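One structure is given here, and the rest of the page talks about it.
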Amino acid sequence: MTLILYTTGKCNLNCDYCGGSFPPKLVPWEVEYSLDKLIDFTKGVKELVIAFYGGEPLLNLGFIMKVMDSIPASKYVIQTNGILVRELPVEYWKKFDTVLISIDGPEWLTDRHRGRGVYRTVIGNVKWLREVGVKADIVARMTVTEDSDIYRDVTHLLDLNLFDHVHWQLNFIWSEDWKDVRKWVEESYKPGLRKLIKLWIDEMRRGRILGIAPFQGILKRMKIGGPCPPCGSGFDSFAILTNGKVVACPIAVCEEWAFLGNLGNVKLRSLINRKCMIGEPCINCEYFRICGGRCLYTYKERLWGDEGFKLTCEVTKYLIDLVYDVEPIIEVEGLINEVLYPPFNNTIEISP
Ligand code: SF4
Ligand code: SF4
Numbered sequence: 037m038t039l040i041l042y043t044t045g046k047c048n049l050n051c052d053y054c055g056g057s058f059p060p061k062l063v064p065w066e067v068e069y070s071l072d073k074l075i076d077f078t079k080g081v082k083e084l085v086i087a088f089y090g091g092e093p094l095l096n097l098g099f100i101m102k103v104m105d106s107i108p109a110s111k112y113v114i115q116t117n118g119i120l121v122r123e124l125p126v127e128y129w130k131k132f133d134t135v136l137i138s139i140d141g142p143e144w145l146t147d148r149h150r151g152r153g154v155y156r157t158v159i160g161n162v163k164w165l166r167e168v169g170v171k172a173d174i175v176a177r178m179t180v181t182e183d184s185d186i187y188r189d190v191t192h193l194l195d196l197n198l199f200d201h202v203h204w205q206l207n208f209i210w211s212e213d214w215k216d217v218r219k220w221v222e223e224s225y226k227p228g229l230r231k232l233i234k235l236w237i238d239e240m241r242r243g244r245i246l247g248i249a250p251f252q253g254i255l256k257r258m259k260i261g262g263p264c265p266p267c268g269s270g271f272d273s274f275a276i277l278t279n280g281k282v283v284a285c286p287i288a289v290c291e292e293w294a295f296l297g298n299l300g301n302v303k304l305r306s307l308i309n310r311k312c313m314i315g316e317p318c319i320n321c322e323y324f325r326i327c328g329g330r331c332l333y334t335y336k337e338r339l340w341g342d343e344g345f346k347l348t349c350e351v352t353k354y355l356i357d358l359v360y361d362v363e364p365i366i367e368v369e370g371l372i373n374e375v376l377y378p379p380f381n382n383t384i385e386i387s388p
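Counting in the working numbering, the sequence shown tops out at residue 388, every number present.
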């Protein structure tokens with residue numbers, strides 16, 4: 037069971053694909069509920085994963101430390117923009133199992149979208165985490181835009197030898213900034229994925245497993261399945277906003293379909309074994325077992341209409357087919373068990 041905790045709706049960056057802080061009316065910038073309510077909410081849940089989220093979660097260090105001191109989760113995760121990393125004491129960093137840090141690829145690309153100097157600050161902070169002995173799985177979490185070249189950007193991040201895994205999320209449907217998305221998919225994304233999976237296999241044959249999270253996550257779903265949608269939203273992953281609202285998906289801060297209750301009138305254990313919130317056309321799609329409907333928010337909101345939904349399906353199927361094609365090679369190499377990822381729901385969404 038994964039519990040995503042907003043620590044604040046505020047952010048200290050203003051990335052162009054996100055727009056920075058939430059309006060405080062939607063996601064308040066302070067936590068408005070008592071820690072006791074949260075403790076009560078999580079009572080009786082075994083194997084709890086707590087993931088800190090925002091806004092920028094490190095803007096509320098006090099809340100993070102209080103939660104880690106009082107709720108004995110089996111795993112701790114944080115999704116951060118990486119700017120304020122050194123503000124949290126090292127002993128807390130050492131308790132994290134997964135640290136997801138936003139970075140898009142080379143310096144010019146990251147800084148173009150996230151702000152000048154962001155790349156250097158983030159890289160410096162990841163190096164610091166390693167220097168002080170943090171053993172967590174550190175994941176570079178990329179946002180992929182029309183400026184991205186998936187092969188160039190993923191290999192750039194892997195070559196830094198700082199990140200254990202690289203994951204990416206396509207900026208489709210979230211932004212209207214795309215000039216020619218179809219051209220980008222055909223001329224950049226698909227060829228880049230083919231090149232990347234070839235590199236993944238070539239390196240595997242040399243005994244080196246590159247931590248390319250979407251390939252590994254899809255392979256894991258092929259071998260042992262997983263929740264629907266793959267991020268578990270509304271099924272075995274829930275989020276709590278700073279005002280105490282419990283929602284199915286952390287992005288769905290005001291959508292009615294996502295609202296599940298308020299702290300104080302719902303218990304986490306009562307949400308166990310909820311039904312998957314995804315229906316047609318996914319449940320009868322031949323890719324459903326692996327794809328899992330990809331993203332509950334996209335499924336419900338259709339921000340780019342049916343055409344946009346079809347486009348995300350197309351790229352998802354393309355990626356799944358690529359992994360299908362190489363799966364027998366990985367079996368022959370005898371590396372399947374080492375390749376499967378993530379070991380628990382650490383909030384990577386599997387399908388970008
Ligand atoms: S490929 Fe599309 S239709 Fe098929 S399961 Fe995934 S999201 Fe649903
Ligand atoms: S993948 Fe979609 S449903 Fe899952 S957490 Fe992200 S936005 Fe929400």
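Here a beta-carbon is modelled for each residue, glycine too, at the ideal position from N, C-alpha and C.
Computed from a predicted model, the values in this text were never measured in an experiment.
Residues near residue i in its chain [Cβ-Cβ closer than 8 Å; skip 5 each side]
i, result
"Glu68", "Thr278, Asn279, Gly280"
"Asn153", "One point to set straight first is that residue 153 is Gly, not Asn, in the sequence displayed. Answer for Gly153: Asp147, listed in chain order."
"Leu71", "Lys102, Val103, Ser106"
"Gly91", "Tyr42, Thr43, Thr44, Gly45, Lys46, Cys47, Ser57, Phe58, Val63, Trp65"
Pick from the options that is closest to residue i, judged by C-alpha positions
i, options, result
"Thr348", "Arg148, Arg330, Ile137", "Arg330"
"Arg122", "Leu229, Val162, Thr44", "Val162"
"Glu385", "Trp204, Lys311, Asn309", "Trp204"
"Ser387", "Ala109, Glu374, Gly370, Val359", "Val359"
"Ile86", "Asn96, Leu94, Thr38", "Thr38"
"Lys61", "Trp293, Gly262, Lys46", "Lys46"
"Leu145", "Phe380, Cys51, Lys102", "Cys51"
"Phe345", "Trp293, Gly80, Leu206", "Leu206"
"Leu246", "Phe208, Ile308, Asn197", "Asn197"
"Leu194", "Pro64, Ala249, Ser224", "Ala249"
"Thr78", "Pro364, Tyr53, Pro64, Ser273", "Ser273"
"Val467", "Asn320, Gly55, Leu304, Pro263", "The question about residue 467 has no answer, for the chain in this structure spans 37 to 388."
"Thr352", "Pro266, Cys54, Asn117, Asp133", "Pro266"
"Ser306", "Trp65, Gly80, Glu66", "Gly80"
"Val63", "Ala275, Glu223, Leu97", "Ala275"
"Asn301", "Asp76, Cys54, Ser224, Tyr53", "Asp76"
"Leu339", "Glu212, Cys54, Tyr354", "Glu212"
"Arg244", "Glu369, Glu363, Phe271", "Glu369"
"Asp342", "Pro317, Tyr354, Pro364, Asn373", "Pro317"
Same chain, Cβ closer than 7 Å to residue i, neighbours up to 5 away in sequence not counted
i, result
"Ile356", "Ile254, Tyr323, Ile326, Cys327"
"Lys288", "This sequence places Ala at residue 288; Lys is not what is there. Excluding positions up to five away in sequence, the list reads Ala294, Tyr333."
"Ala109", "Leu84, Val85, Ile86"
Beta carbon of residue i nearer than 8 Å to that of residue j
i, j, result
"Asn382", "Val113", "yes"
"Leu94", "Leu74", "no"
"Asp200", "Ile159", "no"
"Arg150", "Leu49", "yes"
"Tyr89", "Leu165", "no"
"Cys321", "Cys264", "no"
"Lys82", "Phe380", "no"
"Met240", "Ile100", "no"
"Ile314", "Tyr335", "yes"
"Ser269", "Cys285", "yes"
"Phe208", "Ile233", "no"
"Leu371", "Lys259", "no"
Close Cβ partners of residue i (< 6 Å) along its chain, the five nearest in sequence each way excluded
i, result
"Tyr155", "Glu143, Thr146, Asp147"
"Arg177", "Leu136, Ser138, His203"
"Phe58", "Gly45"
"Leu120", "Leu94"
Neighbour flag for residue i against chain D, beta carbons, 8 Å
i, result
"Pro227", "Annotation note: the requested chain D is absent from the structure, which comprises a single protein chain."
Exercise for review: Report yes or no: do three or more beta-carbon pairs, one from the segment 114 to 129 and one from the segment 167 to 177, lie closer than 8 Å?
Suggested key: Below 8 Å, enough C-beta pairs join the segment 114 to 129 and the segment 167 to 177 to call them touching: three or more.
Check your understanding: Fully enclosed by the segment 335 to 373, which alpha helix (DSSP H) runs are 4 residues long or longer?
Key -> Counting only runs of 4 or more, we get 341 to 369.
Check your understanding: Touching or not, the segment 204 to 221 and the segment 179 to 186, by the rule of three or more beta carbon pairs under 8 Å?
Key -> Counting C-beta pairs closer than 8 Å gives three or more between the segment 204 to 221 and the segment 179 to 186, which meets the contact rule.
Check your understanding: So does the segment 225 to 233 actually touch the segment 185 to 201, counting three or more Cβ pairs closer than 8 Å?
Key -> Counting C-beta pairs with one atom in each stretch, the segment 225 to 233 and the segment 185 to 201 have three or more that are closer than 8 Å, which means they touch.
**Study point:** Secondary structure, beta strand (DSSP E): runs of 3+ residues fully inside the segment 82 to 124
**Key:** As for any beta strand (DSSP E) of minimum length 3 sitting wholly inside the segment 82 to 124, the runs are 85 to 89, 111 to 116, ordered along the chain.
Check your understanding: Of all the beta strand (DSSP E) runs that stay within the bounds of the segment 265 to 303, which reach a length of 3 or more residues?
Key -> Segments of the beta strand (DSSP E) lying fully in the segment 265 to 303: 273 to 276, 281 to 283, 295 to 298.
Point to revise | Every unbroken alpha helix (DSSP H) within the segment 172 to 249, with a cutoff of 4 residues, ordered by chain | key: The segment 172 to 249 contains these whole alpha helix (DSSP H) runs: 186 to 195, 217 to 220, 226 to 241.
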